[in-house]
Amino acid sequence: MVCLGNICRSPLAEGILQNKLDTTSFFVDSAGTGNYHIGNPPDIRSIAVAKKHQIAIAHQKCRQFKKEDFATFDYIYVMDSKNYQNIIALASSQDEKSKVKLLLNELDIDINEVPDPYWDDNGFEHVFQLIDSACTVIAEKLTTT
654 MVCLGNICRS PLAEGILQNK LDTTSFFVDS AGTGNYHIGN PPDIRSIAVA KKHQIAIAHQ
714 KCRQFKKEDF ATFDYIYVMD SKNYQNIIAL ASSQDEKSKV KLLLNELDID INEVPDPYWD
774 DNGFEHVFQL IDSACTVIAE KLTTT
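Residues in the sequence shown are numbered consecutively from 654, following the working numbering.
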């Protein structure tokens with residue numbers, strides 16, 4: 654799960670998907686394309702909205718996406734087109750590029766980008782619901798194949 658700073662959207666996506674999967678069988682992680690918050694916990698507003706839905710993410714630490722992540726992960730979900738382009742630019746092959754997907758493309762809705770709630774305190778619940786819906790679809794796909 655990838656967003657810009659790895660403090661709002663991608664930590665939520667990591668926690669939500671982990672909550673929907675057997676973590677002994679699946680490894681879920683998150684990262685940012687930027688290096689602004691490396692080592693920090695997620696934004697307190699992301700922690701709060703996750704906690705409201707009985708998901709703990711306060712233990713997470715922000716990290717930056719690295720080229721080696723292409724070898725580690727089978728799927729790389731990004732929150733918006735800018736971060737999609739940033740990750741695609743790091744790919745060395747078509748196989749690596751094929752792993753990168755916009756998270757909301759898993760849903761049949763009119764938007765394909767998870768809005769960044771950083772500047773909108775009221776946006777965190779909406780973002781949680783969008784990510785939760787997409788992660789439900791992803792979890793179903795992963796556990797039925």
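For glycine and all other residues, C-beta sits at the position ideal for the given N, C-alpha and C.
Inter-residue Cα distance where the pair is residue 662 and residue 770: Walking along the sequence shown from the start, residue 662 turns up at place 9. Walking along the sequence shown from the start, residue 770 turns up at place 117. Looking at the two C-alpha atoms, the distance is approximately 8 Å.
Return the CA-CA distance between residue 873 and residue 684, expressed in angstroms with no decimal places. What is shown of the chain runs 654 to 798, which leaves residue 873 out entirely.
Note down, in chain order, each residue of its chain lying with its Cβ closer than 7 Å to the Cβ of residue 719, except the 5 sequence neighbours on either side. By one-based count along the sequence shown, residue 719 stands at place 66. Once the five neighbours on either side are set aside, residue 719 has no close Cβ partner at all.
For residue 730, does the count of other Cβ atoms within 10 angstroms reach 16, so buried, or fall short, so exposed? If you number the sequence shown from 1, residue 730 lands on position 77. Classification of residue 730: buried, given that the 10 Å Cβ count is 16 or more.
Should residue 737 go down as buried or exposed, given a rule of 16 or more other Cβ atoms within 10 Å for buried? Counted from its first residue, the sequence shown places residue 737 at position 84. Buried, since its Cβ has 16 or more Cβ neighbours within 10 Å.
Which one of 792, 797 and 796 has the shortest CA to CA distance from residue 666? Working through the sequence shown from its first residue, we reach residue 666 at position 13. Selected option, being the one with the closest Cα: 792.
Identify the continuous alpha helix (DSSP H) that holds residue 705 and give its terminal residues. Within the sequence shown, numbered from 1, the residue matching residue 705 stands at position 52. Where residue 705 is concerned, the enclosing alpha helix (DSSP H) stretches over 697-705.
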